[in-house]
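Numbering (our numbering), first residue to last: 56 to 671. Each remark here refers to the structure printed beneath this line.
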């Protein structure tokens, strides 16, 4: 099967007599459709644009003179985060771009050269064509920063794979994306080789499996271990990077800013992952939005504690380049490594899921009492418990809380802090910081709506609806899944599947996933609210609440709790604590002490806990 290619919608419009072009200005249609055309001789992803002629201005039918070619060249360039690297090379040439361990340090000029060489190697040595998918399987190492530029500079689509996946899932995603090349960290080479072998053994002709991808091994930490090579089409990363670009090589800029730049797979806990497509335009805008809401300013030092395989690291490999920052790469995420990196490199910004914040907050390491300077930390995901937020700030972190999904390029909103809130008490501050806030400037609209009537809910902090998005940083669609794409965009909004409320000030707050809400005696119980209360108990390290079937109430809350080391309490104490701090009907009727199951992205697998609760 021919590898994945993308047909820009401008080509489609050219064949339709430029139906959606007015005076050389493209009119983006109100209706788009992703389709995957599969055949013996052709297999392409197409973004088909249907232009509503009624939307075109009346001048379309006049004999107005089109703009000269020079004018068109001067006032329109497709947006792409590739330009951030080119600017960084000019403006921040000698500043550090990447730091990793004691030995690896690159300037922005060096990073640009390495990316240019790698893009050339992709095209001329590895046979990558514009529109091909190139996958990565690596932690937060320098190569991941470089690949976020080099792959699109070769005209290809980067597909960062979760490093916690098993070989079966890796092979599934490689097959689905039809990746032509896989860049793999040497620590994970055994997983890649197993996944490649699974692809080789796939005899299902009905799926028309494409050839296994070429392997490129990344060895930042030690010399190449040739004994681990099981695949003849295997290359060394540094050899490719140090091979000068071929004479006359130029980067492949997107023909249209809506061309795809990235393919990210969701980490759905109850279904197979979906392939989410990002565009150059969306990545450009979201990178700048994340830089803005993270209060980065010029030349920050960013510690990579957010996996770059997750939503392209919130688009910050591109965003840090936009402001000439320094990427401090971190292979292993634990409190000691985080602290020492902050001190050694004078880190100004970092990010992390609530689990990372919880890990830091509950670290007993004495060095945390000596944080030498304040550090901005952005968190996103399930709302961090106010108790964790308060403790993190006591250590010297300034916390910003965002919210989004893979389909919104990571962050879609953030809790913009207001100066008048500074005088509030710690508990009230924690509650405010746990809200998901307002849209960033890349997102046109965020609302909480009735999913049936599509009417907005009241701004009373109590009326629950589904959180929905519209804007330039919404995915293009799901790869090879037109049905799921249509469902996600039904009604002209992207439906998040998350339930939330709007407060009087317009700030939204996530209450729960629609599938996780507990309905007890006709009352909706937010598992997130119950979890937040349990988290304030001094003996609790982690908690997850699910519904347990009940003959009388329909469901009752069931709490799965992991205690801190050395703590010994029983279920009755947890239940009493909850009844003392929340309405009695919300308090768990059942408490189970155990480790919490997590998926490859580190998210708690509530469907596993629901199954267990049913059998209690």
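C-beta: ideal position from N, C-alpha, C; glycine also.
Going along the chain, which residues of its own chain have a beta-carbon closer than 7 Å to the beta-carbon of residue i, five neighbours each way excluded?
i	result
residue 590	440, 442, 443, 598
residue 392	385
residue 179	301
residue 203	213, 367, 372, 373
residue 175	300, 301, 304
Mind checking residue i: buried by the 16 CB within 10 Å criterion, or exposed?
i	result
residue 632	buried
residue 435	buried
residue 586	buried
residue 622	exposed
residue 488	buried
residue 507	exposed
residue 406	buried
residue 606	exposed
residue 182	exposed
residue 362	buried
residue 671	exposed
residue 271	buried
residue 564	buried
residue 256	exposed
residue 288	exposed
residue 640	exposed
residue 402	buried
residue 377	buried
residue 494	buried
residue 431	buried
residue 555	buried
For residue i, which option in the options has the closest C-alpha, if you only look at C-alpha atoms?
i	options	result
residue 234	269, 373, 188	188
residue 668	383, 353, 531, 647	647
residue 497	553, 346, 390	346
residue 310	157, 595, 603, 131	131
residue 650	671, 619, 588, 371	619
residue 334	573, 153, 527, 299	527
residue 367	415, 460, 348	460
residue 548	129, 629, 504	504
residue 614	584, 645, 588	645
residue 475	484, 468, 273, 404	484
residue 387	608, 195, 136, 257	195
residue 559	144, 176, 513	513
residue 568	265, 576, 575, 551	551
Tell me whether residue i sits in a helix, a strand or coil according to DSSP, three-state version.
i	result
residue 521	strand
residue 550	strand
residue 392	helix
residue 314	coil
residue 358	strand
residue 379	coil
residue 579	strand
residue 612	strand
residue 435	strand
residue 77	No answer about residue 77 holds up, because its pLDDT of 30 lies below 50 and its placement is not dependable.
residue 604	strand
residue 538	helix
residue 654	coil
residue 302	coil
residue 565	strand
residue 593	coil
residue 126	helix
residue 509	coil
residue 402	coil
residue 622	coil
residue 190	strand
residue 599	strand
residue 515	coil
residue 532	strand
residue 397	helix
Only counting the same chain, and skipping five residues up and downstream in sequence, which positions put a Cβ closer than 6 Å to that of residue i?
i	result
residue 249	222
residue 147	163, 379
residue 675	Outside the displayed range of the chain (56 to 671) lies residue 675, so it cannot be described from this structure.
residue 602	573, 610
For chain B, find out if any of its Cβ atoms is closer than 8 Å to the Cβ of residue i; answer yes or no.
i	result
residue 627	Protein chain content of the structure displayed is limited to a single chain, and chain B is not contained in it.
Can you list, in chain order, the residues of its chain with a C-beta nearer than 8 Å to that of residue i? Leave out the 5 residues immediately preceding and following it.
i	result
residue 429	451, 452, 453
residue 274	241, 280, 291, 292, 293
At a cut-off of 7 Å, is residue i close to the ligand ATP when judged by its beta-carbon and the heavy atoms of the ligand?
i	result
residue 493	Looking for the ligand ATP in the displayed structure turns up nothing, as the structure carries no ligands at all.
Item checked: Segments assigned alpha helix (DSSP H), at least 4 residues, entirely inside the segment 204–278 -> The segment 204–278 contains these whole alpha helix (DSSP H) runs: 222–232, 244–256.
Next item on the list: Taking only runs that begin and end inside the segment 129–182, name each unbroken alpha helix (DSSP H) of 4 or more residues, in chain order.
Entry: Within the segment 129–182, the complete alpha helix (DSSP H) runs of at least 4 residues are 137–146, 163–179.
Item checked: Segments of 3+ residues assigned as beta strand (DSSP E) that fall wholly inside the segment 408–489 -> If we require 3 residues or more, the beta strand (DSSP E) runs fully inside the segment 408–489 come out as 430–435, 452–460, 465–469.
Notebook entry, point to check: Taking only runs of the alpha helix (DSSP H) that begin and end inside the segment 319–352, which ones reach a length of at least 4 residues, in chain order?
Noted result: Fully enclosed alpha helix (DSSP H) runs of 4 or longer: 335–348.
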